[in-house]
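Participant: Take the sequence shown: its position 4, counting from 1, is numbered 4 in full-length UniProt numbering, and each next residue is one higher.
The C-beta atom is built at its ideal place from N, Cα and C for all residues, glycine as well.
Keep in mind the model is a prediction, meaning the values are calculated, not measured.
The structure that follows is given in the form of structure tokens.
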Amino acid sequence: GVWRNIKNFHVRPAGGAYRTTNHIYKISFNQATVVSGSNFMNEDLYLNLVDFQSVLSGTLDEKL
Numbered sequence: 001g002v003w004r005n006i007k008n009f010h011v012r013p014a015g016g017a018y019r020t021t022n023h024i025y026k027i028s029f030n031q032a033t034v035v036s037g038s039n040f041m042n043e044d045l046y047l048n049l050v051d052f053q054s055v056l057s058g059t060l061d062e063k064l
């Protein structure tokens, strides 16, 4: 993957019909959000994302 820096975003409770993570919070971009390249690289996976088919099918538990 590609590493990026993200500035000016919101952290909100994750929920709703299209859950993209089973984490209790999500990052929401807004008009002031800036995404830029990063020189930092690390092979550890920091995110716990769900597979795309689960998002499309709506099978994720909204209460997680």
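Work out the CA separation of F40 and G15 for me, nearest whole Å.
Facilitator: Each residue's alpha carbon lies about 30 Å from the other.
Participant: According to DSSP, is V11 part of a helix, a strand, or is it coil?
Facilitator: Three-state DSSP puts V11 in a strand.
Participant: Once you ignore the five residues that flank N30 on each side, which residues in its own chain have a CB closer than 8 Å to its CB?
Facilitator: Around N30: N8, F9 and H10.
Participant: By how many angstroms is the C-alpha of G1 removed from the C-alpha of S28?
Facilitator: Taking the straight line from one Cα to the other gives about 20 Å.
Participant: Pull up the DSSP beta-bridge partners for N5, would you.
Facilitator: Paired residue(s): S36.
Participant: Determine, using beta carbons only, whether V55 and T20 come nearer to each other than 7 Å.
Facilitator: Yes.
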